[in-house]
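Residue numbers (our numbering), protein chains in the order written: chain A, 269 to 465; chain B, 269 to 465; chain C, 269 to 465; chain D, 269 to 465.
Data block below; observations after.
Number of protein chains: 4
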Amino acid sequence: MNAPSRREKAKAQNRETILAAARTVFAELGFAGATVRDVIRATPLASGTFYNYFKSKEEVYQALSDDVALAVRPGLRQARLEATSAEGFLHASFRAFFEFIAARRRENPVPETSRFRMDSPEVLAGFAELREDLDAAIAAGLLPAVDAELLTAALAGVAFELGERVKFGGDVEEATRFATALFLGGLPALTAPDASV
Amino acid sequence: MNAPSRREKAKAQNRETILAAARTVFAELGFAGATVRDVIRATPLASGTFYNYFKSKEEVYQALSDDVALAVRPGLRQARLEATSAEGFLHASFRAFFEFIAARRRENPVPETSRFRMDSPEVLAGFAELREDLDAAIAAGLLPAVDAELLTAALAGVAFELGERVKFGGDVEEATRFATALFLGGLPALTAPDASV
Amino acid sequence: MNAPSRREKAKAQNRETILAAARTVFAELGFAGATVRDVIRATPLASGTFYNYFKSKEEVYQALSDDVALAVRPGLRQARLEATSAEGFLHASFRAFFEFIAARRRENPVPETSRFRMDSPEVLAGFAELREDLDAAIAAGLLPAVDAELLTAALAGVAFELGERVKFGGDVEEATRFATALFLGGLPALTAPDASV
Amino acid sequence: MNAPSRREKAKAQNRETILAAARTVFAELGFAGATVRDVIRATPLASGTFYNYFKSKEEVYQALSDDVALAVRPGLRQARLEATSAEGFLHASFRAFFEFIAARRRENPVPETSRFRMDSPEVLAGFAELREDLDAAIAAGLLPAVDAELLTAALAGVAFELGERVKFGGDVEEATRFATALFLGGLPALTAPDASV
DNA sequence: TATGAATGAGGCTTCATTCAT
DNA sequence: AATGAATGAAGCCTCATTCAT
Chain A
269 MNAPSRREKA
279 KAQNRETILA
289 AARTVFAELG
299 FAGATVRDVI
309 RATPLASGTF
319 YNYFKSKEEV
329 YQALSDDVAL
339 AVRPGLRQAR
349 LEATSAEGFL
359 HASFRAFFEF
369 IAARRRENPV
379 PETSRFRMDS
389 PEVLAGFAEL
399 REDLDAAIAA
409 GLLPAVDAEL
419 LTAALAGVAF
429 ELGERVKFGG
439 DVEEATRFAT
449 ALFLGGLPAL
459 TAPDASV
Chain B
269 MNAPSRREKA
279 KAQNRETILA
289 AARTVFAELG
299 FAGATVRDVI
309 RATPLASGTF
319 YNYFKSKEEV
329 YQALSDDVAL
339 AVRPGLRQAR
349 LEATSAEGFL
359 HASFRAFFEF
369 IAARRRENPV
379 PETSRFRMDS
389 PEVLAGFAEL
399 REDLDAAIAA
409 GLLPAVDAEL
419 LTAALAGVAF
429 ELGERVKFGG
439 DVEEATRFAT
449 ALFLGGLPAL
459 TAPDASV
Chain C
269 MNAPSRREKA
279 KAQNRETILA
289 AARTVFAELG
299 FAGATVRDVI
309 RATPLASGTF
319 YNYFKSKEEV
329 YQALSDDVAL
339 AVRPGLRQAR
349 LEATSAEGFL
359 HASFRAFFEF
369 IAARRRENPV
379 PETSRFRMDS
389 PEVLAGFAEL
399 REDLDAAIAA
409 GLLPAVDAEL
419 LTAALAGVAF
429 ELGERVKFGG
439 DVEEATRFAT
449 ALFLGGLPAL
459 TAPDASV
Chain D
269 MNAPSRREKA
279 KAQNRETILA
289 AARTVFAELG
299 FAGATVRDVI
309 RATPLASGTF
319 YNYFKSKEEV
329 YQALSDDVAL
339 AVRPGLRQAR
349 LEATSAEGFL
359 HASFRAFFEF
369 IAARRRENPV
379 PETSRFRMDS
389 PEVLAGFAEL
399 REDLDAAIAA
409 GLLPAVDAEL
419 LTAALAGVAF
429 ELGERVKFGG
439 DVEEATRFAT
449 ALFLGGLPAL
459 TAPDASV
């Protein structure tokens with residue numbers, strides 16, 4: 269009992285409608301380029317209704333991030349925490365990430381968009397934990413003692429850009445293999461005394 | 269013959285004034301976040317004057333890309349084309365990119381903007397030729413025969429994200445070394461038959 | 269017979285709740301500056317409930333006027349009608365008015381609003397009958413035969429402005445004495461043939 | 269030479285157009301009740317133009333006040349400063365004020381309006397100096413030593429309300445005589461030891 | 001060519017009011 | 001009756017762009 273009333277369901281539904289519209293619109297126009305109006309227009313709702321749910325574009329962004337935190341990050345993290353080798357760690361991370369993008373693509377086909385639009389909230393939210401896990405992995409001896417700050421950045425960058433390819437139809441497995449191999453091969457080189465220039 | 273008249277010089281000057289202002293403003297606010305007004309305001313010129321030189325913000329963007337093509341990319345390309353080793357190729361590319369960002373940081377010392385602001389014309393234009401050069405380098409045997417599409421993406425991603433760190437004070441040399449070493453170590457692994465998972 | 273049912277009492281209660289909130293809100297924001305939403309927000313009731321009792325802000329205004337007609341004005345009129353001297357007439361009028369303002373100040377201790385806020389229903393309603401009473405007082409020989417139109421205006425003006433002082437902490441007694449003395453002294457002069465300029 | 273160009277004249281003209289519209293609209297709707305849109309609508313100008321001249325309704329209000337300060341108050345003040353008797357002081361003040369209102373009425377006929385709309389900027393602006401002059405007049409022995417705070421309020425209130433009558437066709441001379449006589453007669457009474465209640 | 005005021009479209013937000021529950 | 005979410009009109013303001021000077 270205490271099942272959600274019809275009204276409560278409608279309310280939850282509207283919230284989802286707005287979030288889904290925002291996802292699409294942000295992907296299409298970029299977060300900065302999108303307006304609240306754009307989001308509303310992508311919705312059957314009236315303009316005022318938006319403000320019953322969110323105070324601003326930023327708040328939608330936040331909600332989108334939260335959604336993702338709930339949906340993807342636990343799995344992603346779990347995979348990393350359970351990893352017993354550098355390869356496992358990297359493979360689990362990249363795979364989870366690319367899978368997520370591919371799933372998104374399936375349920376919400378992406379319109380043509382320029383490559384520098386990859387600033388969607390969902391994507392960014394997941395990276396916050398990465399650094400943390402990296403530190404743990406290094407401390408545990410799973411990864412060599414490289415500069416964790418730069419390594420986080422490099423991992424994020426590669427995930428980011430390969431993710432773009434996946435978003436437009438690239439193969440998840442292939443992207444995962446490529447990224448994993450790159451870092452697996454590169455990591456030892458990063459600890460070697462620098463001889464370059 | 270036909271040295272530019274005073275009038276022509278004044279004209280060229282205004283054009284440069286606008287472009288310089290746009291560079292600063294786009295860097296500060298991002299392309300999407302910036303308005304033509306913002307650009308004009310960063311200029312001693314009147315609003316109408318803007319339209320004597322450019323039809324829109326997009327056209328300024330294009331001009332900025334062209335500018336950088338003229339100014340930065342030839343040198344970068346040259347270095348890549350003359351490279352005699354994978355390391356030289358990578359090192360030249362990363363170094364040029366991070367130097368570029370550091371220079372921008374120096375002339376525009378108030379970033380306060382997060383990662384979204386990497387969508388500037390110069391940055392994007394710089395990557396346009398990378399793929400081309402990669403293909404050439406692979407054909408020349410300088411780089412192993414990996415998937416050039418994915419490699420381009422991975423290079424861009426790492427450059428992007430390490431570039432962020434440089435933008436906020438990171439060291440150019442350190443970023444260059446890190447990125448170069450990562451790919452130098454990773455490239456051989458990319459050609460090995462995949463054994464992962 | 270026919271004592272109010274529980275339901276009728278609840279209904280009357282809600283009406284009073286809204287009126288009380290409106291009084292406070294109008295006093296704080298002024299009639300023009302206040303919105304129906306403001307009134308509802310100052311209430312535990314839902315927005316729709318407002319419309320079960322009033323059609324609009326204006327109707328609340330009217331009801332407030334009626335309320336005060338019921339509550340304050342009879343006493344004031346009584347005092348004026350029973351006055352046996354000009355002083356009694358004036359003193360009763362001013363005192364009632366300033367007391368009213370002081371009472372409002374006590375129950376709503378955050379004025380922060382300047383002179384504009386004197387346009388509340390109670391205040392205006394209170395002056396409506398003054399002219400009538402003045403005519404009666406003049407006819408009864410209580411007041412000298414001055415221009416009742418102008419006298420009404422002058423009384424209202426003084427009451428208004430001294431009322432402002434009372435609103436911000438001025439003493440009721442002092443304001444009453446001042447206003448009464450002014451008119452008591454001035455009234456004879458008003459009947460004298462005009463020699464001025 | 270340096271005569272205002274056509275453009276400069278148009279600009280000054282627009283400013284006046286807006287101010288005139290604001291005067292009318294504030295008188296009609298009250299300051300609080302009026303919107304910027306209302307002002308614009310009372311104008312042949314486009315909405316954006318308003319903001320070329322004023323940042324907000326409040327700024328128009330300020331400008332209106334400044335206008336009045338320039339136009340009326342110097343004369344008003346002069347008359348008071350030159351007064352050599354209480355009667356002269358009062359007469360000059362009231363007369364100047366009512367004249368101003370009458371002049372306004374002539375050039376800018378007032379629509380029907382309720383009595384509590386008399387919160388127009390012009391009217392209020394002039395009273396700021398009154399208190400100052402009153403203090404000076406009392407110090408100079410021109411007026412008896414009454415409570416200057418309350419006297420200011422009373423004078424303002426009477427001017428206010430009689431001004432309303434003048435605004436709707438009342439006679440300037442009559443209002444001036446009435447107000448002057450009231451205070452002339454009332455002032456002595458204000459200094460007498462209080463025997464009231 | 002440069003100027004900058006005027007324009008009105010369009011973005012943001014709040015409001016009064018309705019109406020299904 | 002009471003509720004409170006939905007609605008869209010309307011207020012606020014900024015913007016890109018034009019055009020007379």
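For each residue, glycine too, the CB sits at the ideal point set by N, CA and C.
Tell me the rounded alpha-carbon separation between residue i and residue j.
{"i": "D:K345", "j": "D:S361", "result": "Here the sequence assigns Arg to residue 345 of chain D, which means Lys is not the residue at that position. If I take the Cα positions, the gap works out to 8 Å."}
{"i": "A:E432", "j": "D:R309", "result": "51 Å"}
{"i": "B:L349", "j": "B:R341", "result": "12 Å"}
{"i": "C:T381", "j": "B:R283", "result": "Annotation note: pLDDT 44 at C:T381 (below 50); position unreliable, coordinate value reported separately. Answer to the nearest angstrom: the Cα atoms are 53 Å apart."}
{"i": "A:L455", "j": "B:V328", "result": "41 Å"}
{"i": "B:V426", "j": "A:G425", "result": "5 Å"}
{"i": "A:L358", "j": "A:V304", "result": "38 Å"}
{"i": "A:A337", "j": "A:D401", "result": "15 Å"}
{"i": "C:K435", "j": "C:F322", "result": "29 Å"}
{"i": "A:R372", "j": "B:A370", "result": "36 Å"}
{"i": "A:R363", "j": "A:E441", "result": "7 Å"}
{"i": "D:T352", "j": "C:P412", "result": "30 Å"}
{"i": "C:A331", "j": "D:K279", "result": "48 Å"}
{"i": "B:D403", "j": "A:T448", "result": "22 Å"}
{"i": "A:I406", "j": "B:R291", "result": "40 Å"}
Figure out for me which residue from the options has the closest Cα to the Cα of residue i.
{"i": "B:Q281", "options": "B:L452, B:N320 and B:A449", "result": "B:N320"}
{"i": "A:E397", "options": "A:S333, A:R372 and A:V293", "result": "A:S333"}
{"i": "A:F428", "options": "B:S353, B:G437 and B:L418", "result": "B:L418"}
{"i": "D:E355", "options": "D:T459, D:L458, D:G453 and D:A457", "result": "D:G453"}
{"i": "C:S324", "options": "C:A422, C:F299 and C:A449", "result": "C:F299"}
{"i": "A:A251", "options": "A:L410, A:F366, A:A405 and A:I406", "result": "Because residue 251 of chain A is not part of the residues shown, which for chain A are 269 to 465, the question remains open."}
{"i": "D:F446", "options": "C:V293, C:A331, C:A421 and C:F446", "result": "C:A421"}
{"i": "D:E326", "options": "D:R399, D:G437, D:V307 and D:R275", "result": "D:V307"}
{"i": "B:L458", "options": "A:A457, A:F451, A:L458 and A:T459", "result": "A:F451"}
{"i": "B:D415", "options": "B:A408, B:L313 and B:R399", "result": "B:R399"}
Of all the CB atoms in chain C, is at least one closer than 7 Å to the CB of residue i?
{"i": "D:A347", "result": "no"}
{"i": "D:F294", "result": "no"}
{"i": "D:E284", "result": "no"}
{"i": "D:A280", "result": "no"}
{"i": "D:G409", "result": "no"}
{"i": "D:A310", "result": "no"}
Counting only beta-carbon atoms, is residue i nearer than 7 Å to chain B?
{"i": "A:F365", "result": "no"}
{"i": "A:F368", "result": "no"}
{"i": "A:F436", "result": "no"}
{"i": "A:P456", "result": "yes"}
{"i": "A:G356", "result": "no"}
Of all Cβ atoms in chain D, is any one closer than 7 Å to the Cβ of residue i?
{"i": "C:R433", "result": "yes"}
{"i": "C:F446", "result": "yes"}
If you measure from the beta carbon of residue i to each beta carbon in chain A, is any gap under 7 Å?
{"i": "B:F318", "result": "no"}
{"i": "B:V328", "result": "no"}
{"i": "B:P412", "result": "no"}
{"i": "B:A449", "result": "yes"}
{"i": "B:E429", "result": "yes"}
{"i": "B:A302", "result": "no"}
{"i": "B:L313", "result": "no"}
{"i": "B:A424", "result": "yes"}
{"i": "B:F362", "result": "no"}
* Asked: Mind pulling the alpha helix (DSSP H) runs of 4 or more residues that sit fully within the stretch 327 to 366 of chain B?
  -> If we require 4 residues or more, the alpha helix (DSSP H) runs fully inside the stretch 327 to 366 of chain B come out as 341 to 350.
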